[in-house]
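Taken in order, the sequence shown gives residues 1 to 137; the numbers are from UniProt numbering.
The block underneath contains the structure these notes are about, expressed in structure tokens.
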Amino acid sequence: GTEKSLTADCVCIAGGLHPSIELAQMAGCNLRFFSELGGHLPIHNEDMETTVNGIYVAGDTAGVEEASTAMEEGRLAGIDMAQKLGYLSQDKALRKKEGIRKNLLALRSGPFGCFSQAAKLNILQAMKTKRGSKILF
């Protein structure tokens, strides 16, 4: 079939190793350092909206995790935008968001996901107090 066996001393997979934050930074989003998620990140609320109204982050911009997590975060951001623009009722949006948050919790459970989950809780706490800074690189 499509499988191949190779002899190797080491296998490295380089998915997003560093958060892609340049656009969020240029837009003025507050950033904070979260080593568990790859470095400086825009702080955001539970719907992925940053400290700048109308700017959302997901995937590597919100912290380096798995592709499935990135897709769920993108869905969460999209649903919030659709609700705010009047394309989704509040009830329907809340139901969809609840399902996505359950998926994210499941994706972030286990021996490695617990670090991501703890960092995400710290991001939400930082957003509540707007603790972060505008960092110039």
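For each residue, glycine too, the CB sits at the ideal point set by N, CA and C.
Note that the structure is a prediction, hence the values are computed from the model and not measured.
Residue range of the alpha helix (DSSP H) that includes residue i
i, result
"P111", "110 to 129"
"G74", "67 to 84"
"L23", "22 to 26"
"G99", "90 to 107"
Integer-rounded CB distance, given that residue j should sit under 8 Å from residue i
i, j, result
"H44", "V57", "5 Å"
"A97", "I79", "Ala is not the amino acid found at residue 97; the sequence shown has Lys there. Contact holds; Cβ gap of about 6 Å."
"E46", "L124", "6 Å"
"P42", "A24", "4 Å"
When the options are compared against residue i, the one with the closest alpha-carbon
i, options, result
"residue 151", "L124, E98, I123, R108", "As displayed, the chain neither begins before 1 nor continues past 137, which places residue 151 out of reach and without an answer."
"A62", "Q83, M81, Y87, L31", "L31"
"A126", "F34, G113, A93, E66", "F34"
"F115", "D91, E36, T51, Q83", "E36"
"I100", "E49, A70, F112", "A70"
"A77", "M48, G38, N122", "M48"
"G38", "G28, A27, S20, N53", "S20"
"V52", "V64, R75, D60, A27", "A27"
"M81", "G59, L94, G54", "G54"
"H18", "S5, E3, D91, D60", "D60"
"K120", "E65, A93, S5", "E65"
"K128", "T50, Q90, S89, L94", "T50"
"L94", "C29, N122, T7, R75", "R75"
Beta bridge counterpart(s) of residue i as assigned by DSSP
i, result
"E46", "BP columns for E46 are empty, so no partner."
"H40", "F33"
"Y56", "E49"
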